[in-house]
Amino acid sequence: MIQVDGAECRLIGTEEHYVPSQYVRANKPLVGSLWDDLDIEDLAFFLFDQRGKPWFDPLSDVGDGRIATMDRAGIDVALLSTLAPGVQAFRADEGAALARDMNDELSALVRDNPRLGGFGLFCPTSPSRAAVEVQRCVRELGLNGLIVYSHTGGEYLDDPKFWEIFEACEALGAPLYIHPRNPPSSLRRLLQNHKGEKVLASGIWGFAMETSLHAVRLLVSGVFDRFPRLKIVLGHLGEGLPYWLYRLDYMYERGYRRQGNGAAKRLPSEYFRDNFFVTVSGIHEHPGCSPTLRFCRDMVGADRLMFASDHPFQSAERAAEALLGAGMAPGDVRAIAHLNAERVFCNMGRFVEGPTERAART
Ligand code: MN
Numbered sequence: 018m019i020q021v022d023g024a025e026c027r028l029i030g031t032e033e034h035y036v037p038s039q040y041v042r043a044n045k046p047l048v049g050s051l052w053d054d055l056d057i058e059d060l061a062f063f064l065f066d067q068r069g070k071p072w073f074d075p076l077s078d079v080g081d082g083r084i085a086t087m088d089r090a091g092i093d094v095a096l097l098s099t100l101a102p103g104v105q106a107f108r109a110d111e112g113a114a115l116a117r118d119m120n121d122e123l124s125a126l127v128r129d130n131p132r133l134g135g136f137g138l139f140c141p142t143s144p145s146r147a148a149v150e151v152q153r154c155v156r157e158l159g160l161n162g163l164i165v166y167s168h169t170g171g172e173y174l175d176d177p178k179f180w181e182i183f184e185a186c187e188a189l190g191a192p193l194y195i196h197p198r199n200p201p202s203s204l205r206r207l208l209q210n211h212k213g214e215k216v217l218a219s220g221i222w223g224f225a226m227e228t229s230l231h232a233v234r235l236l237v238s239g240v241f242d243r244f245p246r247l248k249i250v251l252g253h254l255g256e257g258l259p260y261w262l263y264r265l266d267y268m269y270e271r272g273y274r275r276q277g278n279g280a281a282k283r284l285p286s287e288y289f290r291d292n293f294f295v296t297v298s299g300i301h302e303h304p305g306c307s308p309t310l311r312f313c314r315d316m317v318g319a320d321r322l323m324f325a326s327d328h329p330f331q332s333a334e335r336a337a338e339a340l341l342g343a344g345m346a347p348g349d350v351r352a353i354a355h356l357n358a359e360r361v362f363c364n365m366g367r368f369v370e371g372p373t374e375r376a377a378r379t
């Protein structure tokens, strides 16, 4: 709980990372192999540091250690998700099987835990199997939404061959969180410095560049004309896009729509404000973030912004303080802290019900 304007306020973290045991087992043969791929570097970057240790302990802890960190940060509920590159680094059959196993494990872990929820995975390589898994995650496993680690082998979800997945998400009212991963190898050379070092590939720029590219592809694809109630979630204050909305509209109108071209009927910012939700992950832990936070709130609205800590990669403990100190009205803070997440994600009732309702349900 945090205190907002003298009253207690729930805090829900919507981008809180963990590693399930299957993920480590499945990836072990790949890490350290000769397969020189950004996905593997991505994974190694997240699981092991240069000395081969640190991130793993906080990532794998879904028990007392995590709850203690959440308590220190004032976080009541953490919606868990795994790491990039998700299950998409694997071939279709392996990826789909791994998604099922990981979703089962996550569901068993969080189902009766009043402090933990989570997002389901699917492997886009086989869209019809992915759509079935999306339904299973929300209807049978009680998960709170879906997460995808951006591109799939350099392909993007604006391609209609993937739209069965969106059809399932829309029918369920289930938001799809698009989380960054390293860009596809076709972009690798552009993210190297003049010495050939891949310094720009990951969180410094590559993640936001690639994930915002994915989002803009969706905005101009017409996918939201076909699925007007589809909900997409972006982290990191919208991967820069709130800053860019006016120019996206201007150039789309001028370059395409005015000539009767362009697949999308409406302007990019209209879909962004109707179909997208944004979390504060990664840009949330320091008073220096306050102007950016307020700007994003002004652009997308306080009813579309949600709290997230990006644990353990960034500090959950400083996040609540930064949110409270950002100079926003108490109503906006409450919306960002928990009300939006409770409204936007699925199966959230168990986090807001009192002990009596909980006893009646179980
Ligand atoms: Mn993250």
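So my numbering is basically just the index in the sequence shown, starting at one, shifted up by 17.
From the three backbone atoms N, C-alpha and C, an ideal C-beta is built for every residue, glycine too.
Under the DSSP assignment, Leu341 falls in the alpha helix (DSSP H) whose first and last residues are Ala336 to Leu341. His253 is a Cβ neighbour of Gly299, given a cutoff of 8 Å.
Per the coordinates, the alpha-carbon of Tyr35 lies some 7 Å from the alpha-carbon of Leu100. Going by C-alpha positions, Gly23 is about 46 Å away from Pro141. In the DSSP assignment, Gly135 is bridged to Leu97.
Ala191 and Phe107 have their C-alpha atoms roughly 24 Å apart.
Taking a contact as a CB-CB distance under 8 Å, the pair Leu163 and Gly137 counts as one, their CB atoms being some 5 Å apart.
The Cβ-Cβ distance between Asn357 and Arg321 falls below 8 Å. At the C-beta level, Arg132 and Ala95 come within 8 Å of one another. Going by DSSP, Phe294 is part of the beta strand (DSSP E) stretching over Phe293 to Thr296. CA-to-CA, the gap between Trp180 and His355 works out to about 30 Å. Between the region 26 to 33 and the region 104 to 124 there are fewer than three C-beta pairs closer than 8 Å, too few to call the two in contact.
For the 8 Å CB-CB criterion, Leu247 and Cys186 form a contact. Gly80 has its Cβ no nearer than 7 Å to any heavy atom of ligand 1. Three or more beta-carbon pairs separated by less than 8 Å link the region 334 to 350 to the region 87 to 94, which places the two stretches in contact. Not one heavy atom of ligand 1 falls within 7 Å of the beta-carbon of Gly103.
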